[in-house]
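To keep things clear, I will list the structure first and then write my remarks on it.
Residue numbers (full-length UniProt numbering): 1 to 143.
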């Protein structure tokens, strides 16, 4: 592969590669990730093609990782863990409710309906500040 060409591989291929290393076989990896052996084999083949090198020796239906595969696996594990943590952090930041929620309601409605769920919401979303304003005064919403 010329140096000017970019390597094209996927996170799925890296994850599959690491599972095959851990499982010691394509069939073991297929069982661990609940996909067919052909899917595992294709991902490994695609990863090897992208890298331009064989990562496993194949003989008599068995595969054995090469020395370069073992070195690569050792280097990829922390990198993959970092990527997973970064994406999980980004997703959790989006899913977490933050800020201030102001609710104005009549006293009886607030006591009977909002009071019981206020504690649940506060526990589920600790970064959310809930401000309740119970007031029976008439409010002209059209103003």
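Beta carbons: idealized from backbone N, C-alpha and C, even for Gly. Quick caveat: nothing in here was measured; it's all calculated off a predicted structure.
Query raised in the report: Quick one: Cα of residue 47 to Cα of residue 57, how far?
Result: On the chain shown, position 47 is the one that residue 47 refers to. On the chain shown, position 57 is the one that residue 57 refers to. Approximately 14 Å between the Cα atoms of the pair.
Query - In DSSP terms, what residue 104 is bridged to - result: On the chain shown, residue 104 is found 104 positions in, with the first residue counted as 1. 133.
Query - Reduced DSSP category for residue 116 - H, G, I as helix; E, B as strand; rest coil - result: Numbered from its first residue, the chain shown carries residue 116 at position 116. Correct three-state label for residue 116: helix.
Requested in this report: Starting from residue 63, follow the beta strand (DSSP E) in both directions and report where the run begins and ends.
Outcome: The residue given as residue 63 occupies position 63 in the chain shown. Counting along the chain, the beta strand (DSSP E) containing residue 63 begins and ends at 62-65.
Query - Limits of the unbroken alpha helix (DSSP H) element including residue 8 - result: Here residue 8 refers to the residue found at position 8 of the chain shown. Element bounds for residue 8: n/a, residue is neither H nor E.
Requested in this report: Could you name the residues of the same chain whose beta carbon sits closer than 8 Å to that of residue 13, not counting the 5 residues immediately before and after it, in chain order?
Outcome: Counting from 1 along the chain shown, the entry for residue 13 is found at position 13. For residue 13, where only same-chain residues beyond five positions count, the Cβ hits under 8 Å are 43, 44, 46, 47, 50.
**Report entry** residue 58 - containing beta strand (DSSP E), residue span
**Finding:** In the chain shown, residue 58 corresponds to position 58, counting from 1. It spans 56-59 - the beta strand (DSSP E) in which residue 58 sits, taken as one unbroken run.
Query raised in the report: How many whole angstroms separate the CB atoms of residue 21 and residue 69, which I take to be in contact at a CB cut-off of 8 Å?
Result: As a position in the chain shown, residue 21 is number 21, starting the count at 1. As a position in the chain shown, residue 69 is number 69, starting the count at 1. Yes, they are in contact, since the Cβ atoms of residue 21 and residue 69 sit about 7 Å apart, within 8 Å.
Report task. Quick one: give me the first and last residue of the alpha helix (DSSP H) that residue 51 is part of. Result -> On the chain shown, position 51 is the one that residue 51 refers to. Residue 51 -> alpha helix (DSSP H) spans 37-51.
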